[in-house]
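Following: one structure in structure tokens, then a few remarks.
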Amino acid sequence: MSMKQTPMSPNKHTSNGSASVLPLENAFSESLAMLNSEKAVEELIQQPILHGIDDHLIEFAEALRTVAKALRQAAEGKASAQAEASEWKRKYELERTRNLQLENKAMPSEKRLDENGRVVHLTNKPLLSDGAVEKSDRCCGEHGICSHQVLRDGEHDHDASVIRNKMTRKASFKLSWRCKGEKSDQKKHDIVSFEKGNITTAERSSKQISLKWESPPQTVLILTKPNSTAVRILCSELVRWLKEQKSLNIVVEPRVRTELLTESSYYQFVQTWENDKEIMSLHSKVDLVVTLGGDGTVLWAASMFKGPVPPVVPFSLGSLGFMTPFYSERYKEYLDSILRGPISITLRHRLQCHVIRDSAKSDLDSEEPILVLNEVTIDRGISSFLTNLECYCDNSFVTCVQGDGLILSTTSGSTAYSLAAGGSMVHPQVPGILFTPICPHSLSFRPLILPEYVTIRVQVPFNSRGHAWASFDGKDRKKLAPGDALVCSMATWPVPTACQADSTSDFLRSIHEGLHWNLRKTQSFDGPRET
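UniProt numbering numbers the first residue of the sequence shown as 1 and each following residue consecutively.
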């Protein structure tokens, strides 16, 4: 039986062959496509494309820097204009006050002009007679200083209900230059003299300021440190002695009067005040201020007087006493000498501070001014960011403070916070403003001492990371938001404090006893010597 072989169909063979080859071709094409995709990705990340993006970023950064520079220039211009406006405002107020004083002198004694320029008829008896006022206000060219240029002690009593019991007229005094010893050959010279086209600096006078009573003091204000048994005992003894031995009117704080009356009904004669309005008029009633405590009590006494300040006699009953030269154990001897006069005076300058908010239309639209005797501090508060403060002196940009903060101090406050921050100790009679940074993030930021006539403006910039906080003599803390500014200048009214010896001796004694300044063992005499 033969088998007939049937040949394979060519079509079928071709079809099967194609079916086996197609998967290989598809796999190759897919791998080729993947390879092309990777090359495309690599091309995307090549330098030409990245360079183009970098160029755009650099242009954008330069534009941002240009905008930031323009904003900074605008902020500096605004701060400069505000500082200039503040200075003009201060000059205007001084000129206005001077004109009112001149007009009051020209008007009859029963009429006066108030702060708004309106005529006020006075019904109360003036504190000084016309002759005494004229004598007190007359410029004393012989002694080189005038009492009305430094302290005003002869203002009139516009409100008879300031103190519960009516007081007698206020005592008057005169300030003059005083040399050490009557036979001293030191003379008062001009600071600068011009002779034959040569400018020479003349010898400066070392005279002290002396206060001489023209009429005996009659009213004494006593301010005490609270929560102290020793101060309370001394206060009761002092009040009794001043009343019985000196026949003076005694004014104390309401708290102290309550303590005295609790101790004995004998102290019914002691007077006090009832509201803030009566405190504002104390300077026209009080002849002398006695403080029992430390430097903090002196700061409290100064803060009570927003204008003229009566002479202050500070007794030391605190820890450190840079402004309290009198020992409390010898209060009778000291007060007896002071009430007789004359006495040496240290005029302690104060700073006048204005907070100007960013929303204010001008520098005239500021908050109520604050007077400080020691310093005003601008710090970062509880924020963890560095303080960023732009500082201007008159119309000149000073620096940008980046650190924990800034201290603007008087020379009386140079031995306080400013000293702890690295500032220099300055004699309190030197008229100046200390510019001391607090922990600056810089190796070259050293403290400055600026003249007393400048106006300092400290502004929180708009790009600051946080707020700043301002405190005034350690209290009255205020928040400064970005755009807010603090403007400081020397106040018109200083604080006159009595000296035990003289201003320089008291200052040196305070830093020796309070800080043990330059205290070390003396080098022994035994040892090698130069031959």
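Don't be surprised by glycine CBs; every beta carbon is placed ideally from N, CA and C.
- A check of alpha carbon separations from residue 427 across 416, 421, 402 identifies 416 as the nearest.
- Ranked by Cα distance from residue 395, the first of 94, 453, 508 is 453.
- Between residue 308 and residue 289, the C-beta spacing is not below 7 Å.
- For residue 382, the secondary structure class from DSSP, reduced to helix, strand or coil, is coil.
- In the three-state DSSP reduction, residue 354 falls in the strand class (E or B).
- Counting only residues of its own chain and dropping the five nearest sequence neighbours on each side, residue 418 has a CB closer than 7 Å to the CB of 375, 407, 409, 434, 436.
- Across the structure, residue 383 and residue 363 are spaced so that their CA atoms are roughly 28 Å apart.
- The beta-carbon separation of residue 404 and residue 439, rounded to 4 Å, stays under the 8 Å limit for a contact.
- By the neighbour-count definition (other C-beta atoms within 10 Å, threshold 16), residue 528 is an exposed residue.
- Looking at the backbone, the Cα of residue 467 and that of residue 67 are separated by about 23 Å.
- Counted as a single uninterrupted DSSP element, the stretch harbouring residue 520 is not any beta strand (DSSP E), since DSSP gives it neither H nor E.
- Between the segment 330–349 and the segment 258–265 there are fewer than three inter-stretch CB-CB distances shorter than 8 Å, so the stretches are not counted as touching.
- Around the C-beta of residue 77, fewer than 16 other C-beta atoms lie within 10 Å, and the residue is accordingly described as exposed.
- Residue pairing by DSSP places residue 268 opposite no residue, since no beta bridge is assigned to it.
- Contact annotation: residue 210 and residue 344 have beta-carbon atoms nearer than 7 Å.
- When Cβ pairs closer than 8 Å are counted between the two stretches, the segment 276–290 is seen to touch the segment 217–237, the count reaching three or more.
- A direct Cα-Cα distance of roughly 14 Å separates residue 455 from residue 371.
- Residue 464 places its beta carbon less than 7 Å from that of residue 482.
- DSSP places residue 404 inside the beta strand (DSSP E), whose first and last residues are 396–409.
- Under the criterion of beta carbons closer than 8 Å, residue 301 and residue 312 qualify as touching, at roughly 6 Å.
- Under the three-state reduction of DSSP output, residue 335 falls in the helix class.
- Per DSSP, the beta bridge partners of residue 475 are 472.
- Per DSSP, residue 254 lies in no beta strand (DSSP E); the unbroken alpha helix (DSSP H) holding it starts and ends at 254–263.
- Of all alpha-carbon atoms in 507, 521, 522, the one lying nearest the alpha-carbon of residue 515 is that of 507.
- Here DSSP, grouped into helix, strand and coil, assigns residue 417 to helix.
- Residue state for residue 435 is assigned as strand, using DSSP reduced to three classes.
- In the three-state DSSP reduction, residue 326 falls in the strand class (E or B).
- Residues 163, 219, 220, 221, 222, 270, 271, 272, 273, 282, 285, 286 of the same chain have their beta carbon placed closer than 8 Å to that of residue 251, with the five preceding and five following residues left out of the count.
- Note on residue 99: under 16 other CB atoms within 10 angstroms of its CB, so exposed under the neighbour-count rule.
- Burial state of residue 171 is buried, judged by a 10 Å Cβ sphere holding 16 or more other Cβ atoms.
- Taking residue 423 as the centre and dropping the five residues before and after it, the same chain places the C-beta of 407, 409, 414, 434, 436, 447 closer than 8 Å to its C-beta, in chain order.
- Here residue 411 really is in contact with residue 432; their C-beta atoms are around 6 Å apart, less than 8 Å.
- Its Cα nearest to that of residue 294, the residue 316 stands out among 75, 316, 512.
- Residue pairing by DSSP leaves residue 509 without any beta bridge partner.
- Using a 10 angstroms sphere on the CB of residue 325, the tally of other CB atoms reaches 16 or more, which defines it as buried.
- The C-beta of residue 174 has 16 or more other C-beta atoms within 10 Å across all chains shown, which makes the residue buried.
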